[in-house]
Amino acid sequence: MKRVPTFFLSMVLATATLAACGTPTGTSTTTQNTTAVGATAAASAATMAPTSMAATSMTDATAATSGGSGTTIRVYSSLPRQGQSKSQTDSVVNAIKMRFAEDKNQVCGGKFTIDYVDLDDATAAKGSWDEAAETGNANKAVSDPAGMVYIGTFNSGAAKLSIPVLNNANMVMISPANTYVGLTKPLAAGEPDKYYPNGKRNYTRVVTNDAVQGLADAAWAAKLGVKKVYILDDQQAYGQGVAGLFEKNAKTMGLTVLGHEGIQAKEQNYTSLMTKIKDLGPDMVYFGGIVDNNAGQLLKDMRAVGMTGDKVKFMGPDGIQTDPFITAAGKDIAEGAYGTVAGLPLSKLGAKGQAFLKAYKDKFGVEPQTYGPFGYEAAAVTLQALNQVCKADRAAIRDAVFATKDFDGVLGKWSFDKDGDTTLQTIQGYIVKDGKWEEANFFNNGQWEK
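Position one of the sequence shown corresponds to residue 5 (the numbering used here), numbered consecutively onward.
Listed below in structure tokens is the structure:
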């Protein structure tokens, strides 16, 4: 697993260890950041970090020095805008822009204009999120006097890096996709306190965490008749976390765990690994990880060695429940694969959710991907907090976000708990049929519907 380069550690603190989503007013810019730009770090990083891709708007280019006119509030998002997660983050970004545009990119009766900046925390070289890019994005946001809110991240490992940077600057963070438990609740040693150096929580998420998903996935495996399972993970925070919780719950439910190991994400094939697993006679292979980390190749090699779909099931969490997973594995090979996603499926969204889906499809010509509604909700929470505070005060905005209670949004009615987690506790189960993910089961109040 890659470590953060030494010159970045001073910015994210030794506590942030690696283990482990056109407007009428204002502007929206997509940038790729691969260098830390915090005021205290810029000089030391300048000769070591790669040059960042230049922003395409004057507003963004002058943000760090001008801080806007005093009537601009800048909202940043940091998501992988290239690689196999891009289809998901396109929906998130589109939804954020939609929600801000609905209020004419203004808050407090026009006192402030919202300038939304869409940052990329992925690189072409990695094809997924990158440690240096995410750290650079966080530093860019906190070094901007007009920067008040950070919507992100998509990957939990990225959040481990940016939370401490933002925390020291009292900037609130709202994730539309992170599910790793240790970001908000005790899990690994020192978690979650080590991510909050100033002692005050600044991180929230509108998506259910893996404590629920790990339980739900194990319970679904049991309902499907699985007796013996082999567990794999991609050695990132999210993948290790959900796989570990799946293992814990599977054992509690009486399933035999034949083994659990991490994979090297960039291997050309996993034939030897899958041959070893086949010889153990599993009913299921469970993969905790993201599609970017070779989930499709795992399934291809699993089927190639003779673990056919009628004999050995394949399941993963929301990290694989994407169209690029089906593309990577191949339509026929992906047939019958199971995936789960935290939150409500599109079909179960209430009246506000259905109105969002219609508006999104009318505007973009397609339905949003899974995390589109979560991006919209994160933007809606942002607007509510900004309208309540009506001043460019990071700490006050952070506190207003944490005070969110009985929020009636596109995801339903929910609140943030004291740790920044949503009170929503639902999981949707999917299966690949005819090359598409279809809704298959629904987990609520601790049990599956069928």
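Think of the CB as a built atom: it goes at the ideal place given N, C-alpha and C, for glycine as much as any other residue. Here the structure is a predicted model, which is why all the values come from computation and not from measurement.
Return the bridge partner residues of residue i from the DSSP annotation.
i: residue 442; result: 435
i: residue 80; result: 121 and 154
i: residue 452; result: 447
i: residue 288; result: 233 and 317
i: residue 179; result: 209
i: residue 110; result: 117
i: residue 412; result: 417
i: residue 1; result: Given that the chain is displayed from residue 5 to residue 454, the structure contains no residue 1 and the question cannot be resolved.
i: residue 345; result: 432
i: residue 126; result: 133
i: residue 374; result: Answer by DSSP bridge pairing: none, since residue 374 is not bridged.
i: residue 426; result: 420
Report yes if the CB atom of residue i is closer than 8 Å to the CB atom of residue j, and no otherwise.
i: residue 153; j: residue 426; result: no
i: residue 78; j: residue 126; result: no
i: residue 454; j: residue 445; result: yes
i: residue 417; j: residue 410; result: yes
i: residue 167; j: residue 191; result: no
i: residue 242; j: residue 141; result: no
i: residue 223; j: residue 237; result: no
i: residue 344; j: residue 322; result: yes
i: residue 240; j: residue 161; result: yes
i: residue 234; j: residue 262; result: yes
i: residue 102; j: residue 332; result: no
i: residue 288; j: residue 225; result: yes
i: residue 399; j: residue 174; result: yes
i: residue 353; j: residue 361; result: yes
i: residue 414; j: residue 372; result: no
i: residue 177; j: residue 156; result: yes
i: residue 342; j: residue 306; result: no
i: residue 374; j: residue 92; result: yes
i: residue 122; j: residue 97; result: yes
i: residue 442; j: residue 351; result: no
i: residue 407; j: residue 393; result: no
i: residue 271; j: residue 298; result: yes
i: residue 357; j: residue 95; result: no
i: residue 189; j: residue 196; result: yes
i: residue 185; j: residue 330; result: no
i: residue 164; j: residue 199; result: yes
Considering Cα atoms alone, identify which of the options is closest to residue i.
i: residue 228; options: 386, 367, 315 and 175; result: 315
i: residue 295; options: 100, 132, 202 and 120; result: 132
i: residue 182; options: 217, 388, 386 and 301; result: 217
i: residue 513; options: 278, 394 and 290; result: With the chain covering 5 to 454 only, the question about residue 513 has no answer from this structure.
i: residue 276; options: 304, 199 and 401; result: 304
i: residue 81; options: 139, 408, 87 and 107; result: 139
i: residue 144; options: 170, 405 and 99; result: 170
i: residue 440; options: 404, 324 and 172; result: 324
i: residue 148; options: 74, 108 and 136; result: 74
i: residue 220; options: 389, 255, 250 and 397; result: 250
i: residue 518; options: 76, 99 and 83; result: Limits of the chain in this structure are 5 at one end and 454 at the other, which puts residue 518 out of reach.
Should residue i be labelled buried (16 or more other beta-carbon atoms within 10 Å of its own) or exposed?
i: residue 129; result: exposed
i: residue 355; result: exposed
i: residue 50; result: With a pLDDT of 30 at residue 50, under the threshold of 50, the modelled position of that residue is not reliable, and the figure given next carries that caveat. Under this definition residue 50 is an exposed residue.
i: residue 215; result: buried
i: residue 115; result: exposed
i: residue 119; result: buried
i: residue 381; result: buried
i: residue 434; result: buried
i: residue 194; result: exposed
i: residue 273; result: exposed
i: residue 30; result: For residue 30, the predicted structure reports a pLDDT of 44, less than 50, and the residue's modelled location is therefore unreliable. A value from the coordinates is still provided. Buried, by the Cβ-count rule.
i: residue 369; result: exposed
i: residue 28; result: Its pLDDT being 33, under 50, residue 28 is placed unreliably by the model, and nothing is read from it.
i: residue 359; result: exposed
i: residue 386; result: buried
i: residue 137; result: buried
i: residue 64; result: At residue 64, the pLDDT of 36 sits below 50, so the modelled position is not reliable and the matter cannot be decided from this model.
i: residue 106; result: exposed
i: residue 208; result: buried
i: residue 292; result: buried
i: residue 451; result: exposed
i: residue 430; result: buried
i: residue 117; result: buried
i: residue 438; result: exposed
i: residue 90; result: buried
Contact criterion: CB-CB distance below 8 Å. Does residue i meet it with respect to chain B?
i: residue 235; result: In the structure shown, chain B does not exist; there is a single protein chain.
Confirm the yes/no value for this check: CB of residue i, any heavy atom of the ligand GTP, distance under 7 Å.
i: residue 272; result: Ligands displayed in this structure: none; no statement on the ligand GTP is therefore possible.
Per the contact definition of three or more C-beta pairs closer than 8 Å, is the region 305–314 in contact with the region 272–288? yes
Count the C-beta pairs between the region 197–205 and the region 258–270 that are closer than 8 Å, then say yes if the count reaches three, no if not. no
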